[in-house]
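One structure is given below, encoded as structure tokens.
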Amino acid sequence: MTVLEVTGLRRSFAGLRAVDGVSFTVGQGEVVSVIGPNGSGKTTALNLVSGVLRPDSGRVGFLGRDVTGWRPERLAEAGLSRTFQNGRVFGNLSVAENVLIGLTSTLEAARPLARWRNVPVLRWASLLAETAVALVEPPSVRRESAERQAEVSAQLDRFGDRLTPRASDAAHTLSYANRRRTEIARALAASPALLVLDEPTAGMNPAETAEVLEQLLALKATGQTILLVEHKIDLVMRLSDRVLVLDAGAVIAAGTPDEVRTDPRVIEAYLGKRRTVARP
Amino acid sequence: MLDTALAGLVNGSSYALLALGLSLIFGVANVINFAHASVFAVGAMSGWWFSVDLDWPLWTVLLGVVAVTGLLGLVINLVAVTPLAKAPPIAALLSTFAVSVVVDNGAQLVFGPETRRFPALLATDNLGLGGLRFGTLDVTILVVAIGLMLLLGWFLRATRYGRAIRAVAQDRDAAAQMGIPLARVQNLAFVVASVLGGVAGVLGGMYLNNISPTVGSTVGMSAFAAATLGGLGSLPGAVAGGLLLGVVEAFGVSWWGGNARTLITFAVLLLVLWVRPSGLFGKRTPLAAEPMTGTFFGAARTVRLKPWQVAVAAVAAYVVPAVALDDYTVQIGVQVVVYAILALSLTLVSGQAGQISLGQAAPLAIGAYTSALLTTATGMDFWLSLPVAGVVAAVLSVVLVSPSWRLRGHYVSIATLATGLLVAAAAVNFDWLTNGPSGVSAIPPPSLFGAEVSAPLAVYFLDLTILLVVLLLVVRLRRSTLGRIWSAVREDEVAARSSGIAAADYKSLAFGIGGFVAGIGGALFAQQYGYIDPSVFGISVSLLALTIVVLGGLNSPLGAVVGAIVLVGLPEALRMLEETRMLTYGLLLLAVVLFRPQGLMGKVAR
Numbered sequence: 001m002t003v004l005e006v007t008g009l010r011r012s013f014a015g016l017r018a019v020d021g022v023s024f025t026v027g028q029g030e031v032v033s034v035i036g037p038n039g040s041g042k043t044t045a046l047n048l049v050s051g052v053l054r055p056d057s058g059r060v061g062f063l064g065r066d067v068t069g070w071r072p073e074r075l076a077e078a079g080l081s082r083t084f085q086n087g088r089v090f091g092n093l094s095v096a097e098n099v100l101i102g103l104t105s106t107l108e109a110a111r112p113l114a115r116w117r118n119v120p121v122l123r124w125a126s127l128l129a130e131t132a133v134a135l136v137e138p139p140s141v142r143r144e145s146a147e148r149q150a151e152v153s154a155q156l157d158r159f160g161d162r163l164t165p166r167a168s169d170a171a172h173t174l175s176y177a178n179r180r181r182t183e184i185a186r187a188l189a190a191s192p193a194l195l196v197l198d199e200p201t202a203g204m205n206p207a208e209t210a211e212v213l214e215q216l217l218a219l220k221a222t223g224q225t226i227l228l229v230e231h232k233i234d235l236v237m238r239l240s241d242r243v244l245v246l247d248a249g250a251v252i253a254a255g256t257p258d259e260v261r262t263d264p265r266v267i268e269a270y271l272g273k274r275r276t277v278a279r280p
Numbered sequence: 001m002l003d004t005a006l007a008g009l010v011n012g013s014s015y016a017l018l019a020l021g022l023s024l025i026f027g028v029a030n031v032i033n034f035a036h037a038s039v040f041a042v043g044a045m046s047g048w049w050f051s052v053d054l055d056w057p058l059w060t061v062l063l064g065v066v067a068v069t070g071l072l073g074l075v076i077n078l079v080a081v082t083p084l085a086k087a088p089p090i091a092a093l094l095s096t097f098a099v100s101v102v103v104d105n106g107a108q109l110v111f112g113p114e115t116r117r118f119p120a121l122l123a124t125d126n127l128g129l130g131g132l133r134f135g136t137l138d139v140t141i142l143v144v145a146i147g148l149m150l151l152l153g154w155f156l157r158a159t160r161y162g163r164a165i166r167a168v169a170q171d172r173d174a175a176a177q178m179g180i181p182l183a184r185v186q187n188l189a190f191v192v193a194s195v196l197g198g199v200a201g202v203l204g205g206m207y208l209n210n211i212s213p214t215v216g217s218t219v220g221m222s223a224f225a226a227a228t229l230g231g232l233g234s235l236p237g238a239v240a241g242g243l244l245l246g247v248v249e250a251f252g253v254s255w256w257g258g259n260a261r262t263l264i265t266f267a268v269l270l271l272v273l274w275v276r277p278s279g280l281f282g283k284r285t286p287l288a289a290e291p292m293t294g295t296f297f298g299a300a301r302t303v304r305l306k307p308w309q310v311a312v313a314a315v316a317a318y319v320v321p322a323v324a325l326d327d328y329t330v331q332i333g334v335q336v337v338v339y340a341i342l343a344l345s346l347t348l349v350s351g352q353a354g355q356i357s358l359g360q361a362a363p364l365a366i367g368a369y370t371s372a373l374l375t376t377a378t379g380m381d382f383w384l385s386l387p388v389a390g391v392v393a394a395v396l397s398v399v400l401v402s403p404s405w406r407l408r409g410h411y412v413s414i415a416t417l418a419t420g421l422l423v424a425a426a427a428v429n430f431d432w433l434t435n436g437p438s439g440v441s442a443i444p445p446p447s448l449f450g451a452e453v454s455a456p457l458a459v460y461f462l463d464l465t466i467l468l469v470v471l472l473l474v475v476r477l478r479r480s481t482l483g484r485i486w487s488a489v490r491e492d493e494v495a496a497r498s499s500g501i502a503a504a505d506y507k508s509l510a511f512g513i514g515g516f517v518a519g520i521g522g523a524l525f526a527q528q529y530g531y532i533d534p535s536v537f538g539i540s541v542s543l544l545a546l547t548i549v550v551l552g553g554l555n556s557p558l559g560a561v562v563g564a565i566v567l568v569g570l571p572e573a574l575r576m577l578e579e580t581r582m583l584t585y586g587l588l589l590l591a592v593v594l595f596r597p598q599g600l601m602g603k604v605a606r
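Shown next, in the form of structure tokens:
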């Protein structure tokens with residue numbers, strides 16, 4: 001089954017075509033990586049897929065539905081979670097609270113009348129019900145809250161003893177690597193159908209990168225579908241089922257890691273063209 | 001027709017000069033300099049002093065004003081902006097706001113609050129052109145304004161420091177790497193901007209004929225509107241916005257009268273923000289979200305009282321006034337309680353959800369008017385009018401502020417400021433509903449179990465009980481899932497949305513609940529005084545509410561109460577004069593922002 005199906009995606013910024021007709025698919029349980037030189041449109045493509053930016057044209061299909069132009073919160077509810085290139089945690093919330101935020105879309109008792117949430121005006125019924133429940137805090141809400149706390153511990157355990165001892169620390173006190181881990185834990189909390197990672201190891205040293213690679217491999221083994229943007233080629237080659245190469249906003253090559261590695265167009269995009277100097 | 005347009009252009013050129021300064025400063029320092037309006041007032045007042053008391057000719061008057069306002073701009077930057085360069089944007093927003101209060105009220109203490117005639121240094125009606133009458137004054141204002149704009153354009157393009165200013169505006173870090181002295185360039189930008197503002201003050205003073213130390217706030221608000229209209233940071237936008245607003249206002253005033261000016265200004269501003277969020281000339285960045293509040297109070301944790309401490313405080317709040325205090329002091333207590341309720345509404349909106357509101361007087365006014373009009377005109381019972389006031393204030397708050405959710409950062413605060421001023425202006429202008437400037441009087445006191453609640457102690461008990469209920473409500477909301485969701489929106493909206501949180505909805509909800517609470521406060525306010533008019537709900541009330549929560553700790557419900565005691569109770573008990581009181585608010589706000597951003601009731605986490 002296809003989880004994500006992108007067709008003819010385009011987006012320009014003030015005349016610059018950042019993403020220019022990109023099409024690809026991500027199948028169930030697949031890990032697809034997007035690579036390319038700086039400025040080739042990788043992050044823009046992720047932002048278009050995850051609803052942070054709206055495409056000028058093209059179509060995004062997710063789990064068989066047309067979700068083009070959906071707002072990010074709706075996509076997240078539908079099962080698409082993401083992390084950000086520079087790492088965005090909620091600095092003044094604790095690590096556990098950060099992960100709890102990732103579980104927001106799974107709350108039922110604390111967020112009643114969910115089906116009205118995306119209806120204009122009527123959404124106020126849902127918002128007011130949520131307020132009332134927050135004030136009264138019936139037993140069902142307390143039970144649900146306790147369940148989610150347990151799930152948070154499970155999510156944090158994924159990273160061994162990196163996050164668990166720091167569960168009640170404010171996120172702004174964490175090291176860079178731990179913030180990225182917190183972000184991944186938050187994105188994974190709601191068991192998303194598709195996990196979108198934007199350079200999860202940016203700014204990490206080789207040892208930390210290797211650790212993240214192990215965790216992502218473990219995640220892949222559980223059948224998690226992942227769309228990944230990454231610069232570190234070793235990680236991409238070991239993790240990916242398929243690789244997509246972008247240059248100047250367009251897909252210049254796609255295939256298995258080995259196919260892509262030897263593709264002359266890819267080498268050209270990264271290293272430039274071999275110049276043959278005419279000899280006299 | 002033509003003379004209205006000319007009058008608009010002449011007045012608009014003052015706006016344009018002020019707006020240019022605002023945009024210049026915004027570009028270089030990424031700060032909305034709320035003190036800029038005061039620069040206009042200082043320019044006008046010192047111009048008056050030079051020409052009337054010292055009897056200087058026009059050109060020395062202008063030179064003197066240039067010196068005074070240039071220095072003022074430098075001081076503003078050094079005191080309120082530079083020290084907060086690394087703090088989140090809200091810090092400089094609050095500190096420049098505080099400086100403007102200090103300068104305005106300081107000027108009132110120095111010059112006296114009365115309005116005075118600005119001497120006509122130039123003829124006003126001596127020239128004619130094809131049936132259009134105008135004076136040397138009009139020509140001079142336009143020539144000087146256009147001359148200054150051209151001079152600024154030349155300065156920015158052709159001189160080394162001008163290029164440095166533009167470089168810093170484009171990319172601070174890169175400019176610093178190239179060896180541009182950031183501090184000096186920023187000082188220079190403030191001086192240049194303030195000189196423009198000061199000259200605008202003299203020209204505007206001559207044109208308006210009458211000036212007072214608070215003239216800045218009126219003209220300054222229009223200049224904010226102009227700069228936002230054109231797009232903050234865009235200099236051609238500032239000029240176009242200023243002239244456009246001047247002309248629109250001139251026509252509006254000639255059609256609907258002078259009271260309509262503020263209504264038009266802020267209606268235009270809000271409409272532009274809703275339709276074209278980055279102004280007419282501003283660039284819209286597709287993906288940017290800098291949280292306004294960030295770690296400002298962040299590194300701070302709220303002081304938590306133990307349940308028995310809260311219980312003791314609550315009992316004391318009931319018992320002490322009943323046994324130990326005279327009626328006058330109890331009346332002060334009533335005011336403290338009402339302001340604490342208003343401040344709590346801001347704790348939710350600004351502290352919890354991170355949306356800095358500079359217009360929380362708006363729901364207060366709406367609640368007050370709703371309750372006052374319902375009890376006087378329809379004879380509705382106070383107890384029924386109380387929730388109605390809350391609901392009406394909530395609905396209008398949401399309707400007026402929600403379109404701003406497309407805006408980011410500074411623009412949201414400007415939109416709330418405009419909303420606050422718009423509501424006050426509506427109360428003045430919609431006299432079929434609100435009885436205009438003369439207000440609503442003879443508001444009946446509420447009755448409880450057949451007895452009238454009018455004795456100070458009875459009113460105090462009633463208001464205190466409602467305050468405790470609101471306090472409980474706010475505390476419960478903060479600790480709930482909803483509270484956590486609001487925190488996430490405050491910390492990082494983009495990340496919150498990508499975690500499945502509809503940020504716009506939750507911001508609206510915060511404004512709705514905040515509006516409800518403030519509306520209840522407004523109803524109590526109206527019943528307590530028995531009389532309300534639009535002047536009661538001016539910008540100083542919004543400022544006071546914000547100062548209370550910042551002083552108490554932006555994110556601390558208890559802080560709102562403590563802040564209200566300190567800022568409302570103490571000055572009243574000390575019987576301070578209005579100007580001294582406002583001056584103290586300003587200085588306190590500045591001191592808190594600079595030295596204790598977490599507020600009285602926040603402590604720094606280690």
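As they're listed, the protein sequences go chains A and B.
Sequential numbering from 1 applies to the first sequence in the UniProt record's numbering.
Sequential numbering from 1 applies to the second sequence in the UniProt record's numbering.
Glycine included, each C-beta is placed from N, C-alpha and C at the ideal position.
This one's a predicted model, so the numbers in the text were calculated from it and none came from an experiment.
- V453 (chain B) sits in coil when the DSSP states are folded into three classes, being neither helix nor strand.
- Within the same chain, no residue comes within 6 Å of L546 (chain B) by CB-CB distance, once the 5 residues on both sides are set aside.
- Every beta strand (DSSP E) stretch that sits fully inside the stretch 171-238 of chain A and reaches 3 residues is listed by chain position as 194-198, 226-229.
- Cβ contact annotation for M601 (chain B) (same chain, cutoff 7 Å, sequence separation greater than five): T302, V303, G552, G553, S556, L558, G559, V562, in chain order.
- Taken atom to atom, the span from the alpha-carbon of A427 (chain B) to that of V398 (chain B) is near 18 Å.
- By the CB criterion at 8 Å, Y15 (chain B) and A223 (chain B) fall inside the cutoff.
- When only Cα atoms are considered, S402 (chain B) and V541 (chain B) end up about 22 Å apart.
- Those residues of the stretch 474-494 of chain B placed with their C-beta closer than 9 Å to a C-beta in chain A are R476, L477, R479, S480, T481, L482, G483, R484, I485, S487, A488, R490, E491, D492, V494, ordered along the chain.
- By DSSP's assignment, A254 (chain A) forms a beta bridge with A:L244.
- DSSP places V3 (chain A) in the strand class (E or B) of the three-state scheme.
- Proximity of chain B to A76 (chain A) at the Cβ level (cut-off 7 Å) is accounted for by S498, S499, G500, in chain order.
- In this structure, Q186 (chain B) places its C-beta atom within 8 Å of the C-beta atom of N77 (chain B).
- Among the residues of chain B, those whose CB is under 8 Å from the CB of E137 (chain A) are R476, S480, following chain order.
- Going by beta carbons, L386 (chain B) and I485 (chain B) fall outside the 8 Å limit.
- Taking the Cα positions, L84 (chain B) is about 14 Å away from Q598 (chain B).
- Nearest in C-alpha terms to L544 (chain B), of all of B:L20, B:V338, B:P445, is B:V338.
- Residue pairing for T25 (chain A): DSSP places it in a beta bridge opposite A:E5.
- Interface annotation, G39 (chain A): not in contact with chain B, CB-CB separation never under 8 Å.
- Judged by DSSP in its simplified three-state form, R304 (chain B) adopts coil rather than helix or strand.
- In the DSSP assignment, the residues bridged to V32 (chain A) are A:L227, A:R242.
- Interface with chain B (8 Å Cβ-Cβ cutoff): V34 (chain A) is excluded.
- With respect to chain A, the C-beta atom of D173 (chain B) has no partner C-beta closer than 8 Å.
- Within 7 Å of the CB of L113 (chain A), no CB atom of chain B is found; the nearest one sits about 13 Å away.
- Residues of the stretch 57-83 of chain B with a C-beta atom less than 8 Å from some C-beta of chain A do not occur.
- Counting only Cβ-Cβ distances below 9 Å, I513 (chain B) has contacts in chain A at T131, in chain order.
- Taken through DSSP and simplified to helix, strand or coil, N98 (chain A) comes out as helix.
- Per DSSP, the continuous alpha helix (DSSP H) segment holding R157 (chain B) begins and ends at 136-158.
- Using a Cβ-Cβ cut-off of 8 Å, L558 (chain B) does not count as an interface residue toward chain A, since no Cβ of chain A sits closer than that to its own.
- A Cβ-Cβ separation of about 5 Å places V334 (chain B) in contact with V459 (chain B) under the 8 Å criterion.
- If the five residues before and after V536 (chain B) are omitted, its C-beta is found closer than 7 Å to no C-beta atom of its own chain.
- Counting along the chain, L80 (chain A) sits inside the beta strand (DSSP E) bounded by residues 80-82.
- In terms of Cα proximity to V136 (chain A), the closest of B:V494, B:I332, B:V474 is B:V474.
- In the three-state reduction of the DSSP assignment, G41 (chain A) falls in the coil class, being assigned neither a helical nor a strand state.
- Any Cβ of chain A closer than 8 Å to the Cβ of D533 (chain B) would place that residue at the interface, and such an atom is absent.
- Neighbours of R180 (chain A) across chain B, judged by C-beta separation under 8 Å, do not exist; the nearest C-beta is about 13 Å away.
- Around the beta-carbon of F13 (chain A), fewer than 16 other beta-carbon atoms lie within 10 Å, marking it exposed.
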